[in-house]
Amino acid sequence: MKVCISRNAEARTNAALARVSDALCNELDSVCILSRNRYSGKTKGIKKKNYAIADKIIDNYEINLKSTPGKGITNIIQLIAFQIIVFIWFLRNKDKYDIIHAFDLDVGLPVLLISKIIKKGYVYHIADFYVDSRSALPSKLKPFIRRIEFKVINNAISTIVCTEDRIKQIEGSNPKNLTVIHNTPIVSDELIDDMFKTKKEDTHKQKVVFTYVGGLGKSRFIKSALEVIKDYPQIILNIAGMGTLSNYVEDMSRKYSNINYYGMIDYTEALRLYSKTDFMFALYDPGIPNHKFSAPNKAYEAMMLGKPIIVARNSGIDRIVNDNKMGYVIDYSEESFKELLNRIISRSLDWEELGKNAKVAYNNYSWAEMKKRLIELYKHIT
Numbered sequence: 270m271k272v273c274i275s276r277n278a279e280a281r282t283n284a285a286l287a288r289v290s291d292a293l294c295n296e297l298d299s300v301c302i303l304s305r306n307r308y309s310g311k312t313k314g315i316k317k318k319n320y321a322i323a324d325k326i327i328d329n330y331e332i333n334l335k336s337t338p339g340k341g342i343t344n345i346i347q348l349i350a351f352q353i354i355v356f357i358w359f360l361r362n363k364d365k366y367d368i369i370h371a372f373d374l375d376v377g378l379p380v381l382l383i384s385k386i387i388k389k390g391y392v393y394h395i396a397d398f399y400v401d402s403r404s405a406l407p408s409k410l411k412p413f414i415r416r417i418e419f420k421v422i423n424n425a426i427s428t429i430v431c432t433e434d435r436i437k438q439i440e441g442s443n444p445k446n447l448t449v450i451h452n453t454p455i456v457s458d459e460l461i462d463d464m465f466k467t468k469k470e471d472t473h474k475q476k477v478v479f480t481y482v483g484g485l486g487k488s489r490f491i492k493s494a495l496e497v498i499k500d501y502p503q504i505i506l507n508i509a510g511m512g513t514l515s516n517y518v519e520d521m522s523r524k525y526s527n528i529n530y531y532g533m534i535d536y537t538e539a540l541r542l543y544s545k546t547d548f549m550f551a552l553y554d555p556g557i558p559n560h561k562f563s564a565p566n567k568a569y570e571a572m573m574l575g576k577p578i579i580v581a582r583n584s585g586i587d588r589i590v591n592d593n594k595m596g597y598v599i600d601y602s603e604e605s606f607k608e609l610l611n612r613i614i615s616r617s618l619d620w621e622e623l624g625k626n627a628k629v630a631y632n633n634y635s636w637a638e639m640k641k642r643l644i645e646l647y648k649h650i651t
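The working numbering applies: residue 270 is where the sequence shown begins, and numbers increase by one.
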């Protein structure tokens, strides 16, 4: 069996693409990736690149289509252009796949059409349910788009969601098969051991280090975190990623010596940065419906690395954090964040114990278990 994994994201930095590729590359006859580079500069068209995963090199067909965060209708036009390119690529390259592993509606819609035309099936992997994850989407359009995504779900060979709670999110659809694959990171034991050989820099040993790597969007508490932490010289904030607030974050890093901005970094670099931190945080605005079902990669990375994590109350992942006593759950507000920081810098909290609890919790969500689920799913397809 030949599978093409496709997502509206850059393969080099996307953990979900890495997970699926890792699970399937040694189990199937052929695996390739169709992805997108939003920061392509002068490069145009589709470029074939090598993508290293496990002990293999697979083909990564990268669509170079620039996008500017926060441009509204302009990005909608670019999204439609992306979907047209995806549709044409799958139509012209049907010899490269028997099954498509499609992430989210950006890819799911053109893949649904392809499946009807050339009669090839697909697995639909929901990282973000569309109508709940786009806060700017007009309310009148939501029922229509929900029906479209339900069609994509109903016509898929199998549907994947990232937590048991997410099953509620797609109520009203009729998936033929449903599998839960948690967002557990894939990292070799050798890499983890190597990371922890390097201790937190001596210059920071008297300070508390916070780290965030990910999308720099307005609903991720980024601006609030920077506005609060800039007034705490006892705290170092390391931040990496791209998004609407990239320029703001870069400006803040120039103004304040306790804020470090690394721009876009690859996944291994992100884990190395996390390995030197005291706290991770994934504070997602619970006012956005999709965040009520959130399962951020950071929570599972915190488990794997044995780091305490700070999350927002009513944001989905809060239940896992509370149940495993692996971090702090706070209100999505600057006031709650300040209160927690004051307790942390006064050393009145035992965060080392939280890190140990996070490490123990990882056993319930290990990549070995999630990989086994994904392989079993494809075995049933064959």
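Backbone N, C-alpha and C fix where the C-beta goes; we use that ideal spot for every residue, glycine too.
Source: prediction; values computed, not measured.
For residue i, three-class secondary structure by DSSP
{"i": "VAL456", "result": "coil"}
{"i": "PHE359", "result": "helix"}
{"i": "ILE589", "result": "helix"}
{"i": "GLY244", "result": "Examination of residue 244 is not possible in this model, given that the chain is present from 270 through 651 alone."}
{"i": "TYR553", "result": "coil"}
{"i": "GLY377", "result": "helix"}
{"i": "PHE398", "result": "coil"}
{"i": "GLU279", "result": "coil"}
{"i": "ASN633", "result": "helix"}
{"i": "ASP291", "result": "helix"}
{"i": "ARG616", "result": "coil"}
{"i": "SER605", "result": "helix"}
{"i": "PRO565", "result": "coil"}
{"i": "ARG642", "result": "helix"}
{"i": "ASP535", "result": "coil"}
Residue environment, residue i, which counts as buried when at least 16 other CB atoms sit within 10 Å
{"i": "TYR308", "result": "exposed"}
{"i": "ASP471", "result": "The predicted model places ASP471 with a pLDDT of 49, which falls under 50 and marks its position as unreliable; any figure quoted below should be read in that light. It counts as exposed."}
{"i": "THR453", "result": "buried"}
{"i": "ALA405", "result": "exposed"}
{"i": "LEU360", "result": "exposed"}
{"i": "GLN503", "result": "exposed"}
{"i": "ILE386", "result": "exposed"}
{"i": "ASN283", "result": "buried"}
{"i": "LYS545", "result": "buried"}
{"i": "GLN352", "result": "buried"}
{"i": "GLU440", "result": "exposed"}
{"i": "PHE413", "result": "exposed"}
{"i": "ASN527", "result": "buried"}
{"i": "ASP587", "result": "buried"}
{"i": "LEU552", "result": "buried"}
{"i": "LEU410", "result": "exposed"}
{"i": "LYS567", "result": "buried"}
{"i": "ARG288", "result": "buried"}
{"i": "ILE357", "result": "exposed"}
{"i": "GLU331", "result": "buried"}
{"i": "ASN443", "result": "exposed"}
Through-space distance from residue j to residue i, alpha-carbon basis
{"i": "LYS317", "j": "GLU608", "result": "50 Å"}
{"i": "PRO407", "j": "LYS271", "result": "38 Å"}
{"i": "GLY486", "j": "THR513", "result": "5 Å"}
{"i": "GLU418", "j": "SER493", "result": "33 Å"}
{"i": "ILE491", "j": "ALA581", "result": "13 Å"}
{"i": "ASN507", "j": "GLY624", "result": "19 Å"}
{"i": "ALA292", "j": "SER615", "result": "44 Å"}
{"i": "ALA630", "j": "ASN593", "result": "6 Å"}
{"i": "VAL376", "j": "ARG276", "result": "6 Å"}
{"i": "GLY575", "j": "TRP620", "result": "11 Å"}
{"i": "ASP268", "j": "TYR320", "result": "Residue coverage of the chain in this structure runs from 270 to 651, which leaves residue 268 outside it and unanswerable."}
{"i": "ASN626", "j": "GLY510", "result": "28 Å"}
{"i": "GLU603", "j": "ASP520", "result": "20 Å"}
{"i": "LYS640", "j": "ALA285", "result": "12 Å"}
{"i": "ALA280", "j": "ILE589", "result": "28 Å"}
{"i": "LEU382", "j": "ASP367", "result": "15 Å"}
{"i": "PHE398", "j": "ASP373", "result": "7 Å"}
{"i": "GLY556", "j": "GLU459", "result": "40 Å"}
{"i": "GLU496", "j": "GLY314", "result": "40 Å"}
{"i": "ALA571", "j": "ALA278", "result": "23 Å"}
{"i": "ASN516", "j": "LYS476", "result": "26 Å"}
{"i": "ALA323", "j": "CYS431", "result": "22 Å"}
{"i": "HIS649", "j": "SER584", "result": "34 Å"}
Any non-hydrogen atom of the ligand ZN closer than 6 Å to residue i Cβ
{"i": "ILE346", "result": "With respect to small molecules bound, the structure shown includes none, and the ligand ZN cannot be examined in it."}
Sheet register partners of residue i (DSSP bridge)
{"i": "ARG305", "result": "ILE332"}
{"i": "HIS370", "result": "ILE274, VAL392"}
{"i": "TYR320", "result": "ILE327"}
{"i": "TYR597", "result": "ILE579"}
{"i": "VAL300", "result": "VAL272"}
{"i": "TYR530", "result": "ILE508"}
{"i": "VAL478", "result": "ILE505"}
{"i": "ILE315", "result": "ILE332"}
{"i": "PHE351", "result": "DSSP output for PHE351 lists no bridge partner at all."}
{"i": "PHE225", "result": "The first residue shown for the chain is 270 and the last is 651, placing residue 225 beyond what the model contains."}
Every unbroken alpha helix (DSSP H) within the stretch 406–464, with a cutoff of 4 residues, ordered by chain = 411–424, 435–438, 458–464
Within the stretch 481–526, ranges of the alpha helix (DSSP H) (whole runs, at least 4 residues) = 491–498, 515–524
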